[in-house]
Amino acid sequence: MGLFKFGSRRGIGIDLGTANTLVYNKKTQEIVLNEPSVVAVERETRKVLAVGNEAKAMIGKTPDSIVAIKPLSEGVIADYDVTEAMIKYFIKKVFGNTMFMPDVMICVPIDVTGVEKRAVLEAALAAGAKRAYLIEEARAAALGAGLDISAPTGNMIVDIGGGSTDVAVISFGGTVVSKTIRIASNNFDNDIVRYVKKTHNLLIGDRTAEQIKIKIGTAIPLEEEESIVVKGRDLVMGLPKSVTITSEEVREAINDSLMQIVSCVKEVLEKTPPELASDIVDRGIVMAGGGSLIRNFPKLIAQHTQLHVRLSEEPLMNVVRGAGLAMDQLDVLKKIEKAER
Numbered sequence: 267m268g269l270f271k272f273g274s275r276r277g278i279g280i281d282l283g284t285a286n287t288l289v290y291n292k293k294t295q296e297i298v299l300n301e302p303s304v305v306a307v308e309r310e311t312r313k314v315l316a317v318g319n320e321a322k323a324m325i326g327k328t329p330d331s332i333v334a335i336k337p338l339s340e341g342v343i344a345d346y347d348v349t350e351a352m353i354k355y356f357i358k359k360v361f362g363n364t365m366f367m368p369d370v371m372i373c374v375p376i377d378v379t380g381v382e383k384r385a386v387l388e389a390a391l392a393a394g395a396k397r398a399y400l401i402e403e404a405r406a407a408a409l410g411a412g413l414d415i416s417a418p419t420g421n422m423i424v425d426i427g428g429g430s431t432d433v434a435v436i437s438f439g440g441t442v443v444s445k446t447i448r449i450a451s452n453n454f455d456n457d458i459v460r461y462v463k464k465t466h467n468l469l470i471g472d473r474t475a476e477q478i479k480i481k482i483g484t485a486i487p488l489e490e491e492e493s494i495v496v497k498g499r500d501l502v503m504g505l506p507k508s509v510t511i512t513s514e515e516v517r518e519a520i521n522d523s524l525m526q527i528v529s530c531v532k533e534v535l536e537k538t539p540p541e542l543a544s545d546i547v548d549r550g551i552v553m554a555g556g557g558s559l560i561r562n563f564p565k566l567i568a569q570h571t572q573l574h575v576r577l578s579e580e581p582l583m584n585v586v587r588g589a590g591l592a593m594d595q596l597d598v599l600k601k602i603e604k605a606e607r
């Protein structure tokens, strides 16, 4: 079975992300769902108790009998049964109880294996999808960002999700050069948790780290550094405590992860054919995905590549919107897939 199949042009696009799942309704051309990729289940029976926003609110606050699971790790399925339940819940939430289930286009990282692809397709079909298709996240991000990937010119996309970063050069609709690394937005959160623990002897949760990243995270120094008061548990006294964290500290915490992404971009550029490299000099690099929203991240990549780097419009929505748009190009994408084999 190929990556793309012929089918109805009616359906939905799903960005099945490590952090959040988004659903794009092709008919209304709207993003109709955006919720955390979290499922709360009973530990012993594995009965699903809550999904999405309601399940995320339970993280770190549930009794031992209930566990909040993130069923996707680094962009791929880590828990098949829980992923199936999550997809089923989201489809039902969008369409209600209906006999006429949609066709589904799901985004996957560039380097997923055949086994992982089948797991995603089977989970979608088991969840009630009429037909299921897959598209690489980088290609979907480029489509959703408005790039004409079918043209005979080089387009470079850097898609930084929750669990993985895809960097790709696309021309004639096909991926010419690409690389995926398992460094992305979630790593920034983990970096902040470790830094605060090591530097301030304060234990904070992932949600607190995410808020720190969003509010004062930056990739290069600011003219005027910012700060935020952070609350957690003192590791020495074991009591609740507040400390002040600066944007300079956050930058120090996430710098290694940022530079690994920069290195990935440079490696793809080094492998890009000269004619396509010339196009990228003219057209620049486009960044998408939630991880690209770190303040001044495009400027950091521009400093290290000497190229124009811009943030796409609505970077959080590019991948899922591109998945929905791809429903109109199934025949084209199938031809591309055959050519790439």
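The numbering of the sequence shown is our numbering, which starts it at 267 and goes up by one.
Built from N, CA and C at the ideal position, the CB exists for glycine as well.
Nothing here was measured: the structure is a model prediction, and the numbers come from that model.
Should Ala404 and Val552 be called a contact, given that it needs their Cβ atoms to be closer than 8 Å? Result no, Cβ atoms of Ala404 and Val552 do not sit closer than 8 Å.
Measure the C-alpha to C-alpha separation of Ala385 and Ile376 and round it to an integer number of angstroms. Rounded to the nearest whole angstrom, the CA to CA distance from Ala385 to Ile376 is 15 Å.
Secondary structure at Arg384, three-state DSSP: helix, strand or coil? Residue state, collapsed to three classes: helix.
With a floor of 3 residues, list each beta strand (DSSP E) that falls wholly inside the segment 383-436, ordered by position along the chain. Segments of the beta strand (DSSP E) lying fully in the segment 383-436: 398-402, 421-426.
Backbone secondary structure at Asp522 - three-state DSSP: Here Asp522 sits in helix by DSSP.
Express the C-alpha separation of Ser430 and Ser303 in angstroms, rounding to a whole number. Answer to the nearest angstrom: the Cα atoms are 15 Å apart.
Tell me, please, whether the segment 278-294 touches the segment 349-361 by the rule of three or more beta-carbon pairs shorter than 8 Å. With the cut-off at 8 Å, the segment 278-294 and the segment 349-361 touch.
Output the distance between the C-alpha atoms of Ile458 and Ile511, rounded to the nearest integer angstrom. So the two alpha carbons sit approximately 10 Å from each other.
Among residues of its own chain, excluding the 5 on either side of Phe563, which ones have a beta-carbon nearer than 6 Å to its beta-carbon? Beyond the five residues adjoining it in sequence on each side, Phe563 comes within less than 6 Å, by CB distance, of Ala485 in the same chain, given in chain order.
Figure out for me which residue from Gly394, Ala408, Lys327 has the closest Cα to the Cα of Ala589. Scanning Gly394, Ala408, Lys327 for the CA closest to the CA of Ala589 turns up Ala408.
Looking at the structure shown, is Val348 part of a helix, part of a strand, or coil, going by DSSP? Val348 falls in the helix class under three-state DSSP.
Ile278 in three-state terms, based on DSSP: Assignment of Ile278 by DSSP, reduced to helix, strand and coil, places it in the strand class.
What does the Cβ neighbour count give for Ser444, buried or exposed, with the cut at 16 atoms within 10 Å? Flag for Ser444 reads buried.
Quick check on this structure: which residue in Glu340, Leu542, Asn421 has the alpha carbon closest to the alpha carbon of Val575? Cα-wise, what sits closest to Val575 is Asn421.
Excluding five sequence neighbours on each side, which residues of the same chain lie with their C-beta closer than 8 Å to the C-beta of Asn467? These residues qualify, in order along the chain: Asp500, Leu501, Val502.
Going by the CB atoms, is the gap between Ala351 and Thr608 shorter than 8 Å? No statement about residue 608 is possible, as the shown extent of the chain runs from 267 to 607 and does not include it.
Would you mind stating whether Ser451 and Ile426 have Cβ atoms separated by less than 8 Å? Going by C-beta atoms, Ser451 is nearer than 8 Å to Ile426.
When Ile325, Val534, Ala475, Pro540 are compared against Ser513, the one with the closest alpha-carbon: For the set Ile325, Val534, Ala475, Pro540, the Cα lying nearest the Cα of Ser513 is the one of Ala475.
From the DSSP output, which residues share a beta bridge with Leu468? BP columns for Leu468 point to Asp500.
Residue environment, Met365, which counts as buried when at least 16 other CB atoms sit within 10 Å: By the neighbour-count rule (16 or more Cβ atoms within 10 Å), Met365 is not buried but exposed.
Inter-residue Cα distance where the pair is Val298 and Leu542: Those two C-alpha atoms are separated by around 36 Å.
How would you label Ser259, buried or exposed, when you count the other beta carbons within 10 angstroms and need 16 or more for buried? Nothing can be reported for residue 259: it is not among the residues displayed for the chain, which extend from 267 to 607.
Can you give the Cα-Cα distance for Glu310 and Gln569, rounded to whole angstroms? For the pair Glu310 and Gln569, the Cα-to-Cα distance works out to about 52 Å.
Could you check if Ser523 is buried or exposed, using at least 16 other CB atoms within 10 Å of its CB as the buried criterion? By the neighbour-count rule (16 or more Cβ atoms within 10 Å), Ser523 is buried.
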